[in-house]
Amino acid sequence: MHLTLLQHVSFETPGSILDWARQRGHTVTVHDLSRGDGLPAAQDIEALVLMGGPMSVNDEALYPWLVTEKALIRDLLAQQKPLLGICLGAQLIASAQGARVYPNHTAEIGFFPIAWGDNPFGFVGPMTVLHWHGETFDLVPGARLLARSADCLHQVVQWGPRVYGLQCHLEADANTVAAMLAHCGHELDRSGRIQTAGALQASADIHLPALQRAMAQVLDVWLGG
């Protein structure tokens, strides 16, 4: 299968998704909207992954491509094509369906656990994952909540057989963490549920291998239907 990935900033890359795609024999095209790449046409997409970014889905005046990106998402939902959103990407899928996206009661940055409920991936119990977000979203009718954290209720959501949103970053690898610290490290000075840079890096060294295995499991189920 051919995967199309929409990247919103240069430093929030597909991470371990590219390794997974190569191992499974999938091809990948990355469109980096921050560098002026245009959006692909819906009919040219087999499966779409929407990456993260520091902007809000509500910043349409600053980032006019958000409007057309949401329209593309609605087209793909209508065609029942596979969609996977990560952080901002999950919020975009929610917003495209009319859900409210708004500031969470606390920022959540660092490695903290999520609790899985009933889910198609076979995950049981808590899992420590990377968070880097300040917003959350409501669930539209028919959405299925798969995982939550203590500070953000809607962590992993399913909207259809092959449409998922991850508020957390399962795709992160060592380069992802280093890039986010370099470009967004100033956000660690905010109030909220936030690790220090040192604690975040130490947690990355411990938890990244398990995250990458979990990301592969999610992707296998997503495209395996």
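Heads up, our numbering is the position in the sequence shown plus 170, with the first residue counted as 1.
We put the CB at the ideal spot given by N, CA and C, even for glycine.
Values in this document were obtained by computation on a predicted structure and should not be read as measured data.
Residues bridged to residue i [DSSP beta-bridge criterion]
i	result
S319	I284
A277	G362
H339	L300
Y272	T306
Q334	Looking at the sequence provided, one finds Tyr at residue 334 rather than Gln. According to DSSP, which records beta bridges pairwise, Y334 is partnered with L254 and Q328.
D202	Q177
R314	Q328
Exposure label - residue i; buried when at least 16 CB within 10 Å
i	result
H303	buried
Q267	buried
E216	exposed
Q177	buried
A367	exposed
T199	exposed
P184	buried
D359	exposed
H275	exposed
L232	exposed
A369	exposed
A277	buried
H324	buried
Nearest candidate by alpha-carbon position, reference residue i, set the options
i	options	result
T197	Q387, M171, L236 and A352	M171
S204	L254, D390 and E182	E182
D202	T298, A231 and T174	T174
A349	L315, G312 and A374	A374
L351	G280, I187 and I284	G280
L378	T346, A269, H356 and E357	T346
D245	Q213, N228 and S265	Q213
C322	C257, G206, P224 and A386	C257
H301	V294, F293 and R318	R318
A260	Y233, I243 and A248	I243
M221	A342, W286 and A269	A342
L381	D390, H339, G355 and D189	H339
P273	L236, D288 and E305	E305
R383	L254, T298, A264 and D207	T298
D159	S361, W190 and V179	This structure leaves residue 159 out entirely; the chain is present only between 171 and 395.
F307	H356, R314, A269 and L254	A269
L209	Q371, G362 and T238	T238
L218	V271, G206, M225 and L262	L262
R332	A344, W235 and R314	R314
For residue i, three-class secondary structure by DSSP
i	result
P296	strand
A197	At residue 197 the sequence reads Thr, which differs from the Ala that was named. Strand.
A217	strand
E357	helix
A266	helix
A231	coil
S186	helix
A191	helix
Enclosing beta strand (DSSP E) for residue i [first to last residue]
i	result
I256	L253 to I256
V327	V326 to G330
H172	H172 to Q177
Endpoints, alpha helix (DSSP H) assigned at residue i
i	result
A396	In the structure displayed, the chain extends from 171 to 395; residue 396 sits before or after that span and is not available.
L389	A367 to G394
V237	W235 to A248
The ligand FAD heavy atom lying under 7 Å from the CB of residue i
i	result
V198	Ligands are entirely absent from the displayed structure, and the ligand FAD is therefore not among its contents.
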